[in-house]
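Chains as they are written, first to last, in our numbering: chain A, 33 to 212; chain B, 9 to 171. Glycine included, each C-beta is placed from N, C-alpha and C at the ideal position.
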Amino acid sequence: MSAKRVLLFLPLLVAVGVGIVLSAGIGRDKETLESALIGKPVPAFQLASLQDPQTTYLPDVFKGQVTLLNVWATWCPSCRVEHPQLVKLAREDGVPIIGLNYKDNREEALKWLDKLGNPYSKVLFDPQGTLGFDLGVYGAPETYIIDAGGTVRYRHVGLVDEKVWKEELAPLVARYKREG
Amino acid sequence: MRTIGLVLLILLSSVAHAAGDTYPFDNDADRNRFETLTRELRCPKCQNQSIADSHAPIAADMRAEVHRLVQQGESNDAIMAAMTSRFGEFVRYRPELERRTLLLWFTPLVVVVVGIAAVVILVIRSRRSARIGEPVLSEADRARLDRLLDADESPRDTSSHHS
Chain A
33 MSAKRVLLFL PLLVAVGVGI VLSAGIGRDK ETLESALIGK PVPAFQLASL QDPQTTYLPD
93 VFKGQVTLLN VWATWCPSCR VEHPQLVKLA REDGVPIIGL NYKDNREEAL KWLDKLGNPY
153 SKVLFDPQGT LGFDLGVYGA PETYIIDAGG TVRYRHVGLV DEKVWKEELA PLVARYKREG
Chain B
9 MRTIGLVLLI LLSSVAHAAG DTYPFDNDAD RNRFETLTRE LRCPKCQNQS IADSHAPIAA
69 DMRAEVHRLV QQGESNDAIM AAMTSRFGEF VRYRPELERR TLLLWFTPLV VVVVGIAAVV
129 ILVIRSRRSA RIGEPVLSEA DRARLDRLLD ADESPRDTSS HHS
């Protein structure tokens with residue numbers, strides 16, 4: 033085929049190329065942003081325990097084992113939806129989960145845990161949202177995977193259900209357990 | 009006298025308004041800096057708005073932090089870095105020019121240049137082929153064309169005779 037003939041097919045090739053690029057974007061959730069903290073240590077913080085205001089937690093609570101960090105609040109409807117799944121993960125699968133009670137009210141948060149069950153090994157009380165801000169939290173619920181060294185490995189924005197856990201989080205948790 | 013002083017203070021004080029809240033500033037330069045920065049930063053929650061426009065709680069938190077850092081005398085670059093280190097490069101409406109973003113910045117320019125080049129080449133080519141005074145057919149071609157036209161007519165004549 034002559035060079036000219038090949039050139040005739042150029043528009044077709046361009047159209048197919050553009051089609052492939054655009055179709056790759058279909059169904060992608062543009063609301064979900066990758067955290068800027070992946071691969072970095074959990075930001076410095078000093079927060080009181082939700083249950084006991086006298087107890088102060090520092091980032092070393094994440095040291096020693098792969099942990100989920102779940103950002104939640106009583107004003108957040110999706111948090112209520114995902115709560116039973118977190119309880120199940122903690123009780124049945126023994127997944128260590130640390131809660132970050134984000135911009136919330138202590139009394140209401142405690143009532144919530146009484147009523148719906150407490151899946152958290154520790155709950156950090158962050159009424160001003162300072163740690164939330166440093167983590168780049170832009171909407172609850174968010175769930176982070178923190179490895180045994182206290183490094184942020186993954187962030188999931190939105191609720192954690194059976195599918196998200198099985199397909200997204202569990203394989204990563206297993207991987208960082210092996211590595212850590 | 010006290011009232012006049014108060015009125016003057018209100019009139020002369022430098023204040024920035026953004027999406028409903030009010031931020032006091034020591035001087036106009038800082039206030040301008042705040043307004044520029046909050047328009048340059050994109051809200052991670054409502055992604056079509058700058059943090060200056062957005063009413064999302066996270067945008068309010070970001071505005072408060074920008075205000076605090078401006079008041080502290082941090083440079084614009086330092087403030088941008090403080091935001092991108094938390095929320096990612098995404099929050100900048102104008103990403104840094106670096107290797108990773110070269111395509112993003114220069115694709116439009118490349119497309120325009122290629123388009124202009126294509127138009128220029130096409131125009132030059134069509135001009136060249138339509139140049140006046142140049143014979144469209146050579147003598148040999150013309151003779152061949154005549155022969156073909158003759159050959160085309162004769163069979164039709166014979167066929168009409170026979171039918």
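Under the rule that 16 or more other beta-carbon atoms within 10 Å means buried, what is B:T166, buried or exposed?
-> By one-based count along the second sequence, residue 166 of chain B stands at place 158. Model confidence at B:T166 stands at a pLDDT of 49, short of 50, so the residue's coordinates are unreliable; what they give is reported in the following sentence. Its Cβ having fewer than 16 others within 10 Å, B:T166 is exposed.
Taking only runs of the alpha helix (DSSP H) that begin and end inside the segment 35-80 of chain A, which ones reach a length of at least 4 residues, in chain order?
-> 35-40, 42-57
For A:V93, the nearest candidate out of A:V189, A:D193, A:T183 (CA to CA) = Counting from 1 along the first sequence, the entry for residue 93 of chain A is found at position 61. The residue with the shortest Cα to Cα distance from A:V93 is A:T183.
Helix, strand or coil: which one does DSSP assign to A:D179?
-> Reading the first sequence from its first residue, position 147 is the one you call residue 179 of chain A. Coil, per DSSP.
Closest Cα partner of B:C51 within the set B:R76, B:D69, B:N40 | Here residue 51 of chain B refers to the residue found at position 43 of the second sequence. Closest option to B:C51, Cα to Cα, is B:D69.
Alpha carbon to alpha carbon, what distance is there between B:R136 and B:H170?
-> Here residue 170 of chain B refers to the residue found at position 162 of the second sequence. Here residue 136 of chain B refers to the residue found at position 128 of the second sequence. Note that B:H170 has pLDDT 49, beneath the 50 cutoff, so the model's placement of it is unreliable and the number below is only indicative. Distance between the alpha carbons of B:H170 and B:R136: 50 Å.
Reduced DSSP secondary structure (H/G/I, E/B, other) of A:V103 = For the purposes of this step, residue 103 of chain A is taken as residue 71 along the first sequence, with counting starting at 1. In the structure shown, A:V103 sits in a strand (DSSP, three-state: E or B).
Between A:R123, A:N133, A:E124, A:V127, which lies nearest to A:C108 when the distance is taken from Cα to Cα?
-> If you number the first sequence from 1, residue 108 of chain A lands on position 76. Nearest C-alpha to A:C108: A:N133.
What number of angstroms, rounded off, separates the C-alpha of A:T162 from the C-alpha of A:L101?
-> Here residue 162 of chain A refers to the residue found at position 130 of the first sequence. Here residue 101 of chain A refers to the residue found at position 69 of the first sequence. Approximately 15 Å, taken between the alpha carbons.
What residue range is occupied by the uninterrupted beta strand (DSSP E) comprising B:G35?
-> Counting from 1 along the second sequence, the entry for residue 35 of chain B is found at position 27. The displayed chain sequence assigns Asn, not Gly, to residue 35 of chain B. Under the DSSP assignment, B:N35 falls outside any beta strand (DSSP E); it carries neither an H nor an E label.
List, in order along the chain, the chain A residues whose C-beta lies closer than 7 Å to that of B:T92?
-> Indexing the second sequence from 1 puts residue 92 of chain B at position 84. Those within 7 Å of B:T92 in chain A are A68.
Own chain, CB closer than 7 Å to B:S168, minus 5 neighbours either side, in chain order = One-based indexing of the second sequence puts residue 168 of chain B at position 160. Residue placement at B:S168 cannot be trusted, given a pLDDT of 47 that sits under 50; the coordinates are not used to answer.
Residue range of the beta strand (DSSP E) that includes A:Y186 | Translated into positions along the first sequence, residue 186 of chain A becomes position 154. Segment 184-189, the beta strand (DSSP E) holding A:Y186.
In terms of residues, what are the limits of the alpha helix (DSSP H) holding A:L145?
-> On the first sequence, position 113 is the one that residue 145 of chain A refers to. First-last of the alpha helix (DSSP H) with A:L145: 138-148.
How long is the line joining the alpha carbons of B:L105 and B:L112, rounded to whole angstroms?
-> Taking the second sequence and counting its residues from 1, the one referred to as residue 105 of chain B is at position 97. Taking the second sequence and counting its residues from 1, the one referred to as residue 112 of chain B is at position 104. If you take the alpha carbons of B:L105 and B:L112, they lie about 9 Å apart.
How long is the line joining the alpha carbons of A:L54 and B:N56, rounded to whole angstroms?
-> The residue given as residue 54 of chain A occupies position 22 in the first sequence. The residue given as residue 56 of chain B occupies position 48 in the second sequence. Straight-line Cα distance between these residues: approximately 20 Å.
Given A:V205, which residues of its chain have a CB within under 8 Å of its CB, disregarding the five upstream and five downstream residues?
-> Stepping through the first sequence from its first residue, residue 205 of chain A is reached at position 173. Excluding residues within five positions, the ones whose Cβ falls inside 8 Å are V98, L100, V127, I177.
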